[in-house]
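To keep things clear, I will list the structure first and then write my remarks on it.
There are 2 protein chains.
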Amino acid sequence: MGAREVGLPTRSVPLESFYPQRVTIWEVGARDGLQNEKSIVPVATKLEFLGRLADAGLTTLEATSFVHPKWVPQLADAEELLAGLERRPGVDYPVLVPNERGLDRALAAGVGHIAIFASATESFAKRNLNRTLDEQFEMFEPVVTRALAEGLRVRGYISMCFGDQWEGDVEPEQVHRVGERLLDMGCWQISLGDTIGVATPGLVEDVIAGFDEIDRLAVHFHDTYGQALANTLTALRCGVSTVDSSAGGLGGCPYAESATGNLATEDLVWALEGMGIEHGVDLDALARTSAWMAEQLGRPSPSRVVQALTG
Amino acid sequence: MGAREVGLPTRSVPLESFYPQRVTIWEVGARDGLQNEKSIVPVATKLEFLGRLADAGLTTLEATSFVHPKWVPQLADAEELLAGLERRPGVDYPVLVPNERGLDRALAAGVGHIAIFASATESFAKRNLNRTLDEQFEMFEPVVTRALAEGLRVRGYISMCFGDQWEGDVEPEQVHRVGERLLDMGCWQISLGDTIGVATPGLVEDVIAGFDEIDRLAVHFHDTYGQALANTLTALRCGVSTVDSSAGGLGGCPYAESATGNLATEDLVWALEGMGIEHGVDLDALARTSAWMAEQLGRPSPSRVVQALTG
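Residue numbers (this note's numbering), protein chains in the order written: chain E, 1 to 311; chain L, 312 to 622.
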């Protein structure tokens, strides 16, 4: 029965030693989640959502995006949202910025933390950014340089790190090259995205192990094939301690087929809580918030925990 | 950023070494799945389901149960099903047997492999079996003795191994005591069930590590809180190589609140395939089978993979 020949590591080394003591949750529901809803959510509802997420203990709330409103009408209210946002002490509100025009808007809105988004593959760079893999860096360079000069922090997202629906497999080395360029450029952290949700734990370890500075990585898994939590826990075991997730499992990516469903923050918190890893979140308050948002959107939350706790 | 102080084990030891090379899937959809449907599925549909599961490459198909029809009317057709079953070479068709009366029926039907079901907790023993924790063994003893004398193989299920909704936490030592008694009694394998779906990976490791013969364990996780696949992969990493799952995520337990959703076989196969672990299943054929069964039941499959591949 089975062919395991290596001893269980947790018998000589406590399980906890393989995981971080604390995980930082980068909550993307208000941006990545609402960006992908068909309906346009009123700004007042978004502000209530962000307030309730902060009440539930989340400390990094990706608030909105300065992508052109033509491409993402759901977030066309970015200025109005940020003007109305009651910034809580200890809570960070990063926003997505695609280019210099977006940076102008972010600076005018008083944003202190931005995220740029890159592709790991030629195909998705072309489709999402209308640039080649190399040309994307020409777009990022002036954004990052100016943002850093203005005292902002810059995070780098990388899409399609574990597979691409046009190219199939993505070589881990290609992800490393894109990631190292973003880190060298001045991004304080990069988030490795499984945009189409195809990754499994072996590949997750391969991609992460190739980076020199694992403490500068975050992971962003989609649950398209039910693998998001297993992949995330694998990443934690590799030393990653920042995880992107979306309250109630809101969101996906409109330009990638079947990229439905971010990892639900509630499902992640259930795992962290059970494993004794600090997370700072009030799970019941968060699940109630997601159930409330699901009502606003007129459809049930795909999060198993939200269904179980509030169904 | 995080407090990991132990080196990534896969850097010195290949990842594959921590997992079995091959996993045996114990498919419970026809029994655990259909047992929990409100509608009673016609025997012809069940036979087609079992035939299609075998076509998809599954080699252990839990076929039905000899529980009293009053308790599980969905499986009242056990005799008719087994009489009509076209047994494929290389495919095993175990059936559930609760007591001596059930064994009589199983023997009369020509069954070669039975499974008994025990509880890890007093509360669930009382509710599911109407017996104390100790008294359940008095019920099993004559069943197992006679089954073994008749040349049958006997598997032991244990419910509530990771938590119980009436008792809360369940001590791993209690699970070990129940499990060791079943193994000593002659069960060739025991399946550790997370009947209410509350387990997380740390607890999974604790429970499994306490057993002397890990190669005689199987695991049976429910996805109530989205943890089933992460827990299953943790069990594999501990040396377990038999996994219970349900095609399309059918099933749960009618006597345990919110015990909805077995691990979907498709979501498991996606992970195994990606990790290079042998499983023998044709994923597309299986997903089509689950989509077909969902149609028969008039509701969508909860499996993410079934939704993604057939939606």
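Think of the CB as a built atom: it goes at the ideal place given N, C-alpha and C, for glycine as much as any other residue. Only a predicted model underlies this, so the values are computations on that prediction, with no experimental measurement involved.
> Checking contacts by CB at 8 angstroms: is E:L250 closer than that to chain L?
Replying inline: The residue given as residue 250 of chain E occupies position 250 in the first sequence. Not closer than 8 angstroms to any Cβ of chain L, the Cβ of E:L250 fails to qualify, so no.
> Does the segment 507 to 525 of chain L come close enough to the segment 481 to 495 of chain L that 3 or more CB-CB pairs lie under 8 angstroms?
Replying inline: The segment 507 to 525 of chain L and the segment 481 to 495 of chain L touch, with three or more beta-carbon pairs separated by less than 8 angstroms.
> Between L:G508, L:C472, L:L514, L:T511, which lies nearest to L:I501 when the distance is taken from Cα to Cα?
Replying inline: Position 190 of the second sequence holds residue 501 of chain L. Checking every option, the nearest Cα to that of L:I501 belongs to L:C472.
>> Using the Cβ count rule (16 or more neighbours within 10 Å means buried), how would you classify E:K38?
In response: Numbered from 1 along the first sequence, position 38 holds the residue referred to as residue 38 of chain E. By the Cβ-count criterion, E:K38 is exposed, with fewer than 16 other Cβ atoms from all chains shown falling within 10 Å of its own Cβ.
>> Using only the alpha-carbon positions, how far apart do L:T321 and E:L203 sit?
In response: Counting from one through the second sequence, the residue named residue 321 of chain L turns up at place 10. Counting from one through the first sequence, the residue named residue 203 of chain E turns up at place 203. Per-residue confidence for L:T321 stands at a pLDDT of 35, beneath the threshold of 50, marking its modelled position as unreliable; the derived number appears in the next sentence. Computed Cα separation, rounded: 12 angstroms.
> Mind checking whether L:G559 and L:A575 have CB atoms under 8 angstroms apart?
Replying inline: Stepping through the second sequence from its first residue, residue 559 of chain L is reached at position 248. Stepping through the second sequence from its first residue, residue 575 of chain L is reached at position 264. Result yes, Cβ atoms of L:G559 and L:A575 sit closer than 8 angstroms.
> Secondary structure at E:R304, three-state DSSP: helix, strand or coil?
Replying inline: Within the first sequence, residue 304 of chain E is the residue found at index 304, counting from 1. Note: E:R304 maps to helix in three-state DSSP.
> L:S556: which of L:V592, L:G401, L:R438 sits nearest, CA to CA?
Replying inline: If you number the second sequence from 1, residue 556 of chain L lands on position 245. Considering only alpha carbons, the answer is L:V592.
>> Which residues in chain E have a C-beta closer than 7 angstroms to the C-beta of L:M586? List them in chain order.
In response: Sequence index remark: in the second sequence, residue 586 of chain L carries index 275 (1-based). Neighbourhood of L:M586 in chain E, by CB distance below 7 angstroms: T200, P201, G202, in chain order.
> Is there a Cβ from chain E that is less than 8 angstroms from the Cβ of L:Y404?
Replying inline: Counted from its first residue, the second sequence places residue 404 of chain L at position 93. With 8 angstroms as the cut-off, L:Y404 does not count as an interface residue toward chain E.
>> List, from N- to C-terminal side, the beta strand (DSSP E) runs of 3 residues or more that fit wholly inside the segment 205 to 244 of chain E.
In response: DSSP runs (the beta strand (DSSP E)) wholly in the segment 205 to 244 of chain E: 217 to 221.
> When the Cβ atoms of the segment 345 to 365 of chain L are set against those of the segment 392 to 399 of chain L, are three or more pairs found closer than 8 angstroms?
Replying inline: Touching, yes.
>> Along the chain, where does the beta strand (DSSP E) containing L:G262 start, and where does it finish?
In response: In the structure as shown, chain L begins at 312 and stops at 622. Residue 262 of chain L is therefore absent and cannot be evaluated.
> How many Å lie between E:S258 and E:P142 at the Cα?
Replying inline: Position 258 of the first sequence, counting from 1, holds the residue named residue 258 of chain E. Position 142 of the first sequence, counting from 1, holds the residue named residue 142 of chain E. Unreliable positioning characterises E:S258 in this predicted model, as indicated by a pLDDT of 41, which lies under 50. The coordinate reading is nonetheless provided below. So the alpha carbons of these two residues sit roughly 33 angstroms apart.
>> Residues of chain E with CB closer than 7 angstroms to the CB of L:D534, please, in chain order.
In response: For the purposes of this step, residue 534 of chain L is identified with residue 223 of the second sequence, where counting begins at 1. What L:D534 touches in chain E: R304.
> Going along chain E, which residues have a C-beta under 9 angstroms from L:A394?
Replying inline: As a first step, residue 394 of chain L is located in the second sequence; it is residue number 83 there, counting from the start. Using a Cβ-Cβ cut-off of 9 angstroms, L:A394 is close to nothing in chain E; its nearest Cβ partner there is about 32 angstroms away.
>> Comparing C-alpha positions only, which one of L:A598, L:S552, L:H379 sits nearest to L:D415?
In response: The residue labelled residue 415 of chain L in the question sits at position 104 within the second sequence. Nearest C-alpha to L:D415: L:H379.
> From the beta carbon of E:D267, is the nearest beta carbon of chain L less than 8 angstroms away?
Replying inline: Within the first sequence, the letter at position 267 stands for residue 267 of chain E. It does; some Cβ of chain L falls within 8 angstroms.
> Can you tell me whether DSSP reads E:A259 as helix, strand or coil?
Replying inline: Taking the first residue of the first sequence as 1, we reach residue 259 of chain E at position 259. With a pLDDT of 43 at E:A259, under the threshold of 50, the modelled position of that residue is not reliable, and the figure given next carries that caveat. It is coil, neither helix nor strand.
> Which residue comes first and which comes last in the beta strand (DSSP E) that contains E:E27?
Replying inline: Walking along the first sequence from the start, residue 27 of chain E turns up at place 27. Note, E:E27: beta strand (DSSP E), 24 to 27.
>> Mapping the DSSP letters down to three states, classify L:V408 as helix, strand or coil.
In response: Counting from 1 along the second sequence, the entry for residue 408 of chain L is found at position 97. Three-state result, L:V408: coil.
>> Can you tell me where the alpha helix (DSSP H) holding E:F49 begins and where it ends?
In response: Here the question's residue 49 of chain E lines up with position 49 in the first sequence. Where E:F49 is concerned, the enclosing alpha helix (DSSP H) stretches over 43 to 55.
> L:W581 touches chain E at which residues, Cβ-Cβ below 8 angstroms?
Replying inline: Start at 1 with the first residue of the second sequence, and residue 581 of chain L comes out as number 270. Ordered by position in chain E, the residues that pass the 8 angstroms Cβ test against L:W581 are T200, Y225, G226, Q227.
> Under 7 angstroms Cβ-Cβ, which residues of chain E neighbour L:A541?
Replying inline: On the second sequence, residue 541 of chain L is found 230 positions in, with the first residue counted as 1. Chain-order list of chain E residues neighbouring L:A541: L229, A230, L233, A271, by C-beta distance under 7 angstroms.
> Taking all protein chains shown into account, do 16 or more other C-beta atoms lie within 10 angstroms of the C-beta of L:D338, making it buried, or fewer, making it exposed?
Replying inline: Within the second sequence, the letter at position 27 stands for residue 338 of chain L. Asp is not the amino acid found at residue 338 of chain L; the sequence shown has Glu there. Around the beta carbon of L:E338, 16 or more other beta carbons lie within 10 angstroms, which makes this residue buried.
> Any idea which residues DSSP pairs E:H113 with across the strands?
Replying inline: Numbered from its first residue, the first sequence carries residue 113 of chain E at position 113. Note: E:H113 sits in a beta bridge opposite E:R153.
> What residue from L:G479, L:H533, L:Q476, L:M450 has the CA that sits closest to L:M496's CA?
Replying inline: Mapped onto the second sequence, residue 496 of chain L falls at position 185. The shortest C-alpha to C-alpha distance from L:M496 to any of L:G479, L:H533, L:Q476, L:M450 is the one to L:M450.
> Taking only beta-carbon atoms, is L:I425 less than 8 angstroms away from chain E?
Replying inline: Position 114 of the second sequence, counted from the first residue, corresponds to residue 425 of chain L. Chain E contact via Cβ: absent.
>> In this structure, how does DSSP classify E:L192 when only helix, strand and coil are distinguished?
In response: Locating residue 192 of chain E in the first sequence gives position 192, where the first residue counts as 1. E:L192 sits in a strand when the DSSP states are folded into three classes.
> How should L:D534 be labelled, buried or exposed, when 16 other C-beta atoms within 10 angstroms of its C-beta is the threshold for buried?
Replying inline: To locate residue 534 of chain L, count along the second sequence from 1; it is residue 223. Burial is judged here by how many other beta carbons sit within 10 angstroms of a residue's own beta carbon; L:D534 has at least 16 and is buried.
> Going by beta carbon distance, what residues of the same chain come within less than 7 angstroms of E:L233, once the five residues before and after it are set aside?
Replying inline: Here residue 233 of chain E is taken as the residue at index 233 of the first sequence, counted from 1. Excluding sequence neighbours, E:L233 sits near A271.
>> Per the DSSP calculation, E:G168 is bridged to which residue(s)?
In response: Counted from its first residue, the first sequence places residue 168 of chain E at position 168. Answer is E:D164, bridged to E:G168.
> Just curious, the alpha helix (DSSP H) that L:W603 is in, first and last residue?
Replying inline: The residue you call residue 603 of chain L lines up with position 292 of the second sequence. Its alpha helix (DSSP H) spans residues 594 to 608.
> Does the Cβ-Cβ distance between E:T132 and E:D92 come in under 8 angstroms?
Replying inline: The residue labelled residue 132 of chain E in the question sits at position 132 within the first sequence. The residue labelled residue 92 of chain E in the question sits at position 92 within the first sequence. Contact: no.
> What does L:A696 reach in chain E if we use C-beta pairs closer than 9 angstroms?
Replying inline: Absent from the structure is residue 696 of chain L, since the part of chain L shown begins at 312 and ends at 622.
>> Looking at the secondary structure, which residues open and close the alpha helix (DSSP H) in which L:D578 lies?
In response: For this step, residue 578 of chain L is matched to residue 267 along the second sequence. Counting along the chain, L:D578 sits inside the alpha helix (DSSP H) bounded by residues 576 to 586.
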